[in-house]
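Student:
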Amino acid sequence: MLEDLKGVGEAVAKKLNILGVKTLADLVEFFPRRYDDYSAVMPIAKIKPGPVTIQAVIKQAKGRYVRRGMHITEAVASDATGSVRIVWFNQPYREGSLKGNQDYFISGQFELSRQHLTLLNPSVELVSDFPVNTARIVPVYRETKGLTSRQIRTFIREAAGYIKRSPETLPSWIIEAHKLMPRAEALLAMHFPENGKQLERAKRRLGFEEVFSLTLASLLNKYELLADTALAIPFKPELAQQFVAHLPFTLTDAQRAVVWQCYQDMQKTHPMNRLVEGDVGSGKTVVAAMVALMAMEQGYQVAFMAPTELLA
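Using the numbering used here, you'd call the opening residue of the sequence shown number 14 and step up by one each time.
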């Protein structure tokens, strides 16, 4: 249950439900919508505007309320190369939570604010702790009111043990032949990648699994259909010729070829299962009409579904 995770009570579980996360399995496969790369830790003297990560001691953290109830916490982060100003908006807890003489990983946007280059609303974690929100490639999730990516990252970190126990879904020979990551390792890397290469390997593994599952399901469906028996519908050339003669255009070679393949399938005693693909205006509807007509004229019922009112 979601409520088994530290920090997930009934209220938080309801917010996760809004995002489609109702079980631990849903949480594990609630993949990030993007990633912010804060993996390169830089000395303060070398940081430039944009996303940055520094390792520094935080000093002089002070909070105050300004216009219309907005709260601002300001601090100074320092390392051996220099210092930088930090500002948090509406996070009054920051002043009391920051410890002096402790090294922190600090990740955020370094940009111009009131004519000063400032780290705005950065994530902060002690170097001694496991860095979930800083000094790494940070996953960013789809959010809902009252539930942030930072919270979701914490919950998924709590579920790490569950992720590591995830069962394998592919045969070992396929994993070895295609040099794929184990499934549990790929799931963990999707949420907490150590580097860009590991993230790409995780995406490849899970993408392969998805395509493999769809292909296998399609083949199983095909073999099930081959085991069924269908009524053979003989080809009547005069019927097809009469239909074509009344068309206000000439069939293309590709249209003729597809219609002929369908007619051949319909004469067999197992069901036809065919997907005709083509661009808009390529003639898929006239192919379907000719196939339907061959069945209807021999006393069989046909369902012809049009996806749009215009086509109908």
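Backbone N, C-alpha and C define an ideal beta-carbon position, used for all residues, glycine too. On a predicted model such as this, the values are computed, not experimentally measured, just so you know.
1. Leaving out five residues before and five after H129 in sequence, what residues of the same chain have Cβ atoms less than 7 Å from its Cβ?
2. Please list the segments of the beta strand (DSSP E) lying wholly inside the region 93-127, counting only runs of 3 or more residues, in order along the chain.
3. Classify N17 as helix, strand or coil using the three-state DSSP reduction.
4. Measure the CB-CB distance between L219 and A240 and report whether it falls below 8 Å.
5. DSSP three-state call for Y175: helix, strand or coil?
6. Kindly indicate which residue of L324, V224, N103, E87 has the alpha-carbon position closest to the one of T333.
7. Are the beta-carbon atoms of F205 and V21 separated by less than 8 Å?
8. Put R149 into one of helix, strand or coil per three-state DSSP.
9. With DSSP as the reference, label A270 as helix, strand or coil.
10. Touching or not, the region 145-165 and the region 28-36, by the rule of three or more beta carbon pairs under 8 Å?
11. Going by DSSP in three states, Y313 sits in which element: helix, strand or coil?
12. Check whether the region 264-274 and the region 227-242 touch, using three or more Cβ-Cβ pairs below 8 Å as the test.
13. Quick one: is S110 buried, meaning 16 or more other Cβ sit within 10 Å of its Cβ, or exposed?
14. So, using beta-carbon positions, are V145 and E138 closer together than 8 Å?
15. In its own chain, which residues sit with a C-beta less than 8 Å from the C-beta of K177, not counting the 5 before and 5 after it?
16. Is it buried or exposed, T66, if we count other Cβ atoms within 10 angstroms and call 16 or more buried?
17. Which residues in the same chain have their Cβ closer than 7 Å to the Cβ of K28, if we skip the five residues on either side of it in sequence?
18. Return yes when the Cβ of Q122 is within less than 8 Å of the Cβ of D92, no when it is not.
19. How long is the line joining the alpha carbons of H283 and L233, rounded to whole angstroms?
20. Ignore the nearest five residues each way along the sequence and tell me which others in P135's own chain have a CB closer than 7 Å to its CB.
21. What distance in whole Å lies between the Cβ atoms of M309 and V300, which are believed to be in contact at a cut-off of 8 Å?
22. Should R80 be labelled buried (16 or more other beta-carbon atoms within 10 Å of its own) or exposed?
Tutor: Looking at the coordinates:
1. Excluding the 5 residues flanking it on each side, H129 has same chain C-beta neighbours closer than 7 Å at R98, in chain order.
2. Entirely contained in the region 93-127, the beta strand (DSSP E) runs reaching 3 residues are, in chain order, 95-102, 116-126.
3. A quick correction: the sequence has Asp, not Asn, at residue 17. Look at D17 here: in three-state DSSP terms it is helix.
4. Contact: no.
5. In the three-state scheme derived from DSSP, where H, G and I count as helix and E and B as strand, Y175 is classed as helix.
6. The requested residue 333 does not occur in the structure, where the chain is confined to residues 14 to 325.
7. Annotated as distal: F205 and V21, with beta-carbon spacing of 8 Å or more.
8. In this structure, R149 counts as coil in the three-state DSSP scheme.
9. In this structure, A270 counts as helix in the three-state DSSP scheme.
10. Flag = yes, the region 145-165 and the region 28-36 touch.
11. In this structure, Y313 counts as coil in the three-state DSSP scheme.
12. Fewer than three pairs of CB atoms, one per stretch, sit closer than 8 Å, so the region 264-274 makes no contact with the region 227-242.
13. So S110 counts as exposed.
14. Cβ atoms of V145 and E138: closer than 8 Å.
15. By the criterion of a C-beta distance shorter than 8 Å, K177 is surrounded in its chain by A197, L201, once the five residues flanking it on both sides are discounted.
16. Counting C-beta atoms within 10 angstroms of its own C-beta, T66 has 16 or more neighbours from the protein chains shown and is therefore classed as buried.
17. Within the same chain, K28 has close Cβ partners T157, G159, L160.
18. No Cβ-Cβ contact shorter than 8 Å links D92 with Q122.
19. Whole-angstrom Cα-Cα distance: 15 Å.
20. I99, I119, S120, G121, listed in sequence order.
21. That pair is no contact at about 15 Å.
22. By the neighbour-count definition (other C-beta atoms within 10 Å, threshold 16), R80 is an exposed residue.
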